[in-house]
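*Asks:* Dropping a structure here in structure tokens format, bear with me for questions.
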Amino acid sequence: MAIPGDKSAFNPSGIRLGTPALTTRGLVEKDIEKVVDFIDRGLKLGLEVAKKSGPKLVDYKKEMTENPVFSAKIQQLKQEVHEFSSQFPLPGLKDY
1 MAIPGDKSAF NPSGIRLGTP ALTTRGLVEK DIEKVVDFID RGLKLGLEVA
51 KKSGPKLVDY KKEMTENPVF SAKIQQLKQE VHEFSSQFPL PGLKDY
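Residues in the sequence shown are numbered from 1 upward in steps of one, following full-length UniProt numbering.
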């Protein structure tokens, strides 16, 4: 679904969060703020990588995986997201 005012869903001006999926897992307002923080940090990290790599996707992917500074930041964020999301079980999936 496109963002209101956008001409195409393929080139959105923002992102839309499906909060029902979050609240179903038991997240409340302060938790959703944490999710937004994770997204913000991920986007900023992506921009940081893009600034260093240039416009080609192949160079972006290489920079992201081979640059130890970026790899460490990605792993740190990934770990934080995993630890946070593990607090909120997925309905119908006991062991997830």
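Ideal Cβ placement from N, Cα and C applies to all residues, glycine included.
Keep in mind it's a predicted model, so treat the numbers as computed, not measured.
Are the beta-carbon atoms of G42 and F88 separated by less than 8 Å?
*Replies:* no
*Asks:* Scan the region 1 to 31 and note each continuous alpha helix (DSSP H) run of 4 residues or more that stays entirely inside, going in chain order.
*Replies:* 19 to 24
*Asks:* With a threshold of 16 other CB atoms inside 10 Å of the CB of V49, please say whether the residue is buried or exposed.
*Replies:* buried
*Asks:* Going by alpha carbons, who is nearest to L22 out of P12, K94, Q79, S85?
*Replies:* S85
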